[in-house]
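The opening position of the sequence shown corresponds to residue 1 in full-length UniProt numbering, with each subsequent residue numbered one higher.
C-beta atoms are modelled at their ideal positions from N, C-alpha and C, and glycine is treated no differently.
Every value quoted in this text rests on a predicted model; they were computed, and no experiment measured them.
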Amino acid sequence: MYLLLGLFLSYLLGAIPVGILVARKYGHPDLTQKGSGNIGATNVARVVGKKAGIITLIGDMTKGLLPVLFFSILIGTDTWQEQTIVALAGLSAFLGHIFSIFLKFKGGKGVATATGVFLGLCPLAVFVDVVIFAFVAWRWRYVSLASLSAALAMPVLMGLFSDKKVYILLAVVIAFLIFYRHKDNIKRLLAGREPTFK
Numbered sequence: 001m002y003l004l005l006g007l008f009l010s011y012l013l014g015a016i017p018v019g020i021l022v023a024r025k026y027g028h029p030d031l032t033q034k035g036s037g038n039i040g041a042t043n044v045a046r047v048v049g050k051k052a053g054i055i056t057l058i059g060d061m062t063k064g065l066l067p068v069l070f071f072s073i074l075i076g077t078d079t080w081q082e083q084t085i086v087a088l089a090g091l092s093a094f095l096g097h098i099f100s101i102f103l104k105f106k107g108g109k110g111v112a113t114a115t116g117v118f119l120g121l122c123p124l125a126v127f128v129d130v131v132i133f134a135f136v137a138w139r140w141r142y143v144s145l146a147s148l149s150a151a152l153a154m155p156v157l158m159g160l161f162s163d164k165k166v167y168i169l170l171a172v173v174i175a176f177l178i179f180y181r182h183k184d185n186i187k188r189l190l191a192g193r194e195p196t197f198k
């Protein structure tokens, strides 16, 4: 019972639309009708400004990080059962972000929230993944391509830097969902119509 409550609260935390709240604070009442329509940090930065984008990025990452840290401290991560609960907490927050109850089960693409989740599970993997993201974004100027590259790399990095199979499986599931949420971006990339980030 308490476990289900904890997972539900993790989902609710993840469901908080940080980007929309930040955009409203800066005088943009409906972020979903501007730019790409996405609620993530990239669109906030494009529509509102880089400072607002950074605030959104930190907020979305924190949504993924806090449930993982809370359950890790509360129950530990020694056994596969404990690791599974921690992973489910992170997944709940991630699902809250991409399928937010506050947005009629719509939401963002989950990259920043996923980064927060894995930061709580394996910081070294996240460090390397951020380097991969930054390189792809710098080289090709597509945030979506950088996000997809980072998502694809994370299961491999978790396999290299973590001996917890549950976390590797979590990385695979989240990577699949990130690709699903980027399906329109993938179509635009293949067609050469994806906007670059300056």
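S162 carries a coil assignment under DSSP once its states are collapsed to helix, strand and coil. Judged by DSSP secondary structure, Y26 falls outside any alpha helix (DSSP H); it is assigned neither H nor E. Note on A41: 16 or more other CB atoms within 10 angstroms of its CB, so buried under the neighbour-count rule. Collapsing the DSSP output to three states places K106 in a strand. Distance from E194 to S149 at the Cβ level is roughly 14 Å; contact not present, criterion being Cβ atoms closer than 8 Å.
With a 10 Å radius around the Cβ and a threshold of 16 neighbouring Cβ atoms, I73 comes out exposed.
Residue state for S92 is assigned as helix, using DSSP reduced to three classes. Pairing A52 with V18 gives a Cβ-Cβ distance that is not under 8 Å. Closest in alpha carbon position to I174, among L189, M154 and G192, is M154. In the DSSP annotation of this structure, the continuous segment of the alpha helix (DSSP H) that includes P67 starts and ends at K50 to I75. DSSP, read as helix, strand or coil, puts S147 in helix. For the pair M61 and G108, the CB atoms are not nearer than the 8 Å cut-off. Excluding five sequence positions before and after Y26, the CB atoms of its chain that fall closer than 8 Å to its own CB belong to V48, G49 and A52, given in chain order. Our two residues, L189 and F70, have alpha carbons roughly 38 Å apart in a direct line.
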